[in-house]
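Peer 1: Have a look at the structure that comes next, please.
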Amino acid sequence: MDSITTYLKGVWAELQKVKWPTQREAGALTALVILFSLAIAGYLGLLDQIFTRLIEPFIL
């Protein structure tokens with residue numbers, strides 16, 4: 017039981033050192049992740065369409 021208490025105190029001490037982002041920073045970073053995700057999804061979708069059209073004549 018003592019080791020659990022020591023562990024939790026250590027975790028709490030480390031959490032106190034964390035510099036948490038402001039609400040504005042978190043919103044900006046979230047928007048950035050969403051934009052990159054959409055861009056990559058669009059790029060992969062485009063590649064999929066291109067390769068599908070190139071390979072389809074050989075399969076069917």
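FYI, the working numbering numbers position 38 of the sequence shown as 54, with every residue one higher than the one before it. Every residue, glycine too, gets a C-beta built ideally from N, C-alpha and C.
Should P37 and L24 be called a contact, given that it needs their Cβ atoms to be closer than 8 Å?
Peer 2: No, they are not a contact pair.
Peer 1: Could you tell me the boundaries of the alpha helix (DSSP H) in which K33 lies?
Peer 2: D18 to K33
Peer 1: Would DSSP call T46 helix, strand or coil?
Peer 2: helix
Peer 1: Just how far apart, CA to CA, sit S19 and F67?
Peer 2: Put simply, the backbone Cα of S19 is about 57 Å away from that of F67.
Peer 1: Nearest-angstrom Cα distance between Q65 and Q32?
Peer 2: 49 Å
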